Structure formats: structure tokens, C-alpha cells
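*Asks:* Numbering (our numbering), first residue to last: 2 to 268. Heads up, the beta-carbon is just placed ideally off N, CA and C, and yes, glycines get one too. Quick caveat: nothing in here was measured; it's all calculated off a predicted structure. One structure coming up, written as C-alpha cells, with questions to follow.
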Amino acid sequence: MIFLLFSFITFTQGNTDIVQCPPSRITIENSLYNANIPGLAAIVINSTNILYEQSFGYNAPPIKNERQPIDSLKTIFVLASISQTFIAVAVMKLVELHKLELDKNINQYLPSHMKVIHPFYPNISITMCYILSHTSGIGPNFNEEIKHYVPNDDFTKTNLSDIILSYINNKSNWLYKPPGTVTHYSNIGASLAALIVEQLAQIPFEQYVREKILQPLGINKNDAGYRLSDFENRKKDLIEHYLFNSSWLEQAQNLLPQLNIRRVSCY
Numbered sequence: 002m003i004f005l006l007f008s009f010i011t012f013t014q015g016n017t018d019i020v021q022c023p024p025s026r027i028t029i030e031n032s033l034y035n036a037n038i039p040g041l042a043a044i045v046i047n048s049t050n051i052l053y054e055q056s057f058g059y060n061a062p063p064i065k066n067e068r069q070p071i072d073s074l075k076t077i078f079v080l081a082s083i084s085q086t087f088i089a090v091a092v093m094k095l096v097e098l099h100k101l102e103l104d105k106n107i108n109q110y111l112p113s114h115m116k117v118i119h120p121f122y123p124n125i126s127i128t129m130c131y132i133l134s135h136t137s138g139i140g141p142n143f144n145e146e147i148k149h150y151v152p153n154d155d156f157t158k159t160n161l162s163d164i165i166l167s168y169i170n171n172k173s174n175w176l177y178k179p180p181g182t183v184t185h186y187s188n189i190g191a192s193l194a195a196l197i198v199e200q201l202a203q204i205p206f207e208q209y210v211r212e213k214i215l216q217p218l219g220i221n222k223n224d225a226g227y228r229l230s231d232f233e234n235r236k237k238d239l240i241e242h243y244l245f246n247s248s249w250l251e252q253a254q255n256l257l258p259q260l261n262i263r264r265v266s267c268y
């Protein structure tokens, strides 16, 4: 995940120096080189306009002979955790429709057989606000989460309700802190929010995002989707996937074989 901050303020000996905003192309390209990142596409928007849009570098490191420059209008990136922003937008759409309240106990939106209760603080309700801010108290268990990655878009092999229920019923997957007090990133929490969207909308989450968020923005199935198969006819536009840290390579290849992730030692 890359964040470009287009306003930098340096405080030195009581003086404030305003750095160029946005940074020059050479400044950004040097930063990418130093971070071993071959390229990126950046955009800054407000509620009505695109304020800044630019692409830098290439879709692969120099070891790839046929690499192409990043094209902000064509290059397709795998968003990974950034896709969780769509979960938040989907939730807020339901808030606007008065189907969900952020500060209510989430159990009122879940099936009767599924109750989410912090095992160490059962009297404190877990709210959607806590879920979206990653303060629900649900802790990390990467070894458990990794079991549920599904290669090749074969989602029919899993049941999200069962996965979440199994996870939250294990006390060791919870933090020893009450909800709302500690921020700790949680993929299970994000999945729980998506499940609640499905319950309230009565359609699959993927369908809800497409119909209520992407289509109104003029983004069609060939431009954004949850499955790599959506881009079967645009494989040449998919970003190449490489890892600089070799310790993650085997794991990444096992989780996402269709991405053909390889390691490089330098960019």
C-alpha cells in the first residue's frame, strides 16, 4: 500500500519550510527507486474534481524485457486491503437508507444463530463503528486466516458465516482489551462488516458493490472487480507481481498462484 502525501511540512528550529506540492516527478521517481518499487499510479480528488493524476515507472522491474510504462487509464492493480474501503462505503450506503446504525450492537443485523460477543467483555456491545475503525477487539491469527484464501476465484468452497463464527468462537482470537479502546487491524472484522451488508441488502456483497457503488460511478466489470477472471481479456494490462522480501515468496505463491508472483533482488 502506497500513500503519497502531497503536502509536506518540515519543522526545524522554530521555522516552517513548505516543500513543493505536489513533489516533482524526479522526487517521486527517486523515492520509488529507493523503496524498490517499479511504478505506481496516483490520483488526488475532492468531491467534484480530479486535482492531480499521474503515473510513474513501469509495470515490472528491469528484469522483465517486455515491461510497459504504468498507464493510469489502463493499468490494472490488485488492491488487496485497500478494497476494504468499499466495505466502508457499502456500509454507509445502508446508513443513508436508514437500514443500519453505526452505534448499535451488530448482533441485531446478524442471523439468530450468529452472535458476536467479546468473550472477556461480554457486557460491551460491538458496534459497526468499532468494526470499521478496527477497534472491535477481534485479534489477529494469520495462521487461521490464511486457511481461507481461495485461489482461482473458487468462492463456492467457502461459507463466510461459518468462517467468521469459527474464528470468533475461539477465545484466543480476541484481544484482552475492551471494544473501542485499542486499534488492531482485522481482516475478520472487515469480513464481518461485508457479511452484515449482505444480510441487510439480501444480495451478495460483490453484487451490492457493483450495483450500488461501481455502476453509478460509470465503472464497469472490465475496469474493476473482485475476480481475476473479470479481466480475462485484459491480461496485458494487469500489473506484474514481484516481491522484494524473499521470506514472503513461498507464502504468496501458495495463496495466489494465479498472480505468478516472483522475487527480485533489486529494482
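Apply the 10 Å Cβ neighbour rule to residue 219 and answer buried if 16 or more other Cβ atoms are within range, or exposed otherwise.
*Replies:* One-based indexing of the sequence shown puts residue 219 at position 218. Counting Cβ neighbours within 10 Å, residue 219 comes out exposed, since fewer than 16 surround it.
*Asks:* For residue 136, count the other beta carbons within 10 Å of its own beta carbon; 16 or more makes it buried, fewer makes it exposed. Which is it?
*Replies:* Within the sequence shown, the letter at position 135 stands for residue 136. By the 10 Å Cβ count, residue 136 comes out buried.
*Asks:* For residue 95, does the count of other Cβ atoms within 10 angstroms reach 16, so buried, or fall short, so exposed?
*Replies:* As a position in the sequence shown, residue 95 is number 94, starting the count at 1. By the 10 Å Cβ count, residue 95 comes out buried.
*Asks:* Determine the extent of the alpha helix (DSSP H) in which residue 206 is found, giving its start and end residues.
*Replies:* By one-based count along the sequence shown, residue 206 stands at place 205. 206-210 is the span of the alpha helix (DSSP H), which, as asked, contains residue 206.
*Asks:* Just to confirm the assignment, what range does the alpha helix (DSSP H) spanning residue 200 have?
*Replies:* Against the sequence shown, residue 200 aligns to sequence position 199. Its alpha helix (DSSP H) spans residues 188-202.
*Asks:* To the nearest angstrom, how far is it from the Cα of residue 276 to the Cα of residue 186?
*Replies:* One cannot answer for residue 276 here, as it falls past the ends of the chain, which runs 2 to 268.
*Asks:* Looking at the structure shown, is residue 110 part of a helix, part of a strand, or coil, going by DSSP?
*Replies:* Counting from 1 along the sequence shown, the entry for residue 110 is found at position 109. Residue 110: helix per DSSP, three-state reduction.
*Asks:* Is the separation between the beta-carbon of residue 90 and that of residue 198 shorter than 8 Å?
*Replies:* Taking the first residue of the sequence shown as 1, we reach residue 90 at position 89. Taking the first residue of the sequence shown as 1, we reach residue 198 at position 197. In this structure, residue 198 does not lie closer than 8 Å to residue 90 by Cβ.
*Asks:* In its own chain, which residues sit with a C-beta less than 6 Å from the C-beta of residue 133, not counting the 5 before and 5 after it?
*Replies:* Within the sequence shown, numbered from 1, the residue matching residue 133 stands at position 132. These residues qualify, in order along the chain: 89.
*Asks:* What ranges does the beta strand (DSSP E) occupy inside the region 24-54, keeping only unbroken runs of at least 3 residues that lie completely in it?
*Replies:* Listed in chain order, the complete beta strand (DSSP E) runs (minimum 3 residues) inside the region 24-54 are 40-46.
*Asks:* With burial defined as no fewer than 16 other Cβ atoms inside 10 Å of the residue's Cβ, what is the status of residue 114: buried or exposed?
*Replies:* Reading the sequence shown from its first residue, position 113 is the one you call residue 114. Looking at its Cβ environment, which holds fewer than 16 other Cβ atoms inside 10 Å, residue 114 is exposed.
*Asks:* Just the C-alpha distance for residue 141 and residue 125, rounded to the nearest angstrom, thanks.
*Replies:* By 1-based counting over the sequence shown, the position of residue 141 is 140. By 1-based counting over the sequence shown, the position of residue 125 is 124. Approximately 20 Å between the Cα atoms of the pair.
*Asks:* For residue 128, which of helix, strand or coil comes out of DSSP?
*Replies:* Translated into positions along the sequence shown, residue 128 becomes position 127. Residue state, collapsed to three classes: strand.
*Asks:* Nearest by alpha-carbon distance to residue 243: which of 25, 62, 215, 50 is it?
*Replies:* Counting from 1 along the sequence shown, the entry for residue 243 is found at position 242. Among 25, 62, 215, 50, the Cα nearest to that of residue 243 is on 62.
*Asks:* Out of 217, 110, 225, which has the shortest C-alpha to C-alpha gap to residue 193?
*Replies:* Working through the sequence shown from its first residue, we reach residue 193 at position 192. The option with the nearest alpha carbon to residue 193 is 110.
*Asks:* Using 10 angstroms around the beta-carbon of residue 74, count the other beta-carbons present and answer buried if the total reaches 16, otherwise exposed.
*Replies:* Within the sequence shown, the letter at position 73 stands for residue 74. Per the 10 Å Cβ criterion, exposed.
*Asks:* Within 8 Å of any Cβ in chain B, is that where the Cβ of residue 52 sits?
*Replies:* This model lacks chain B altogether, as it is built from one protein chain only.
*Asks:* With H, G and I counted as helix, E and B as strand and the rest as coil, what does DSSP make of residue 168?
*Replies:* By 1-based counting over the sequence shown, the position of residue 168 is 167. DSSP places residue 168 in helix when its eight states are reduced to three.
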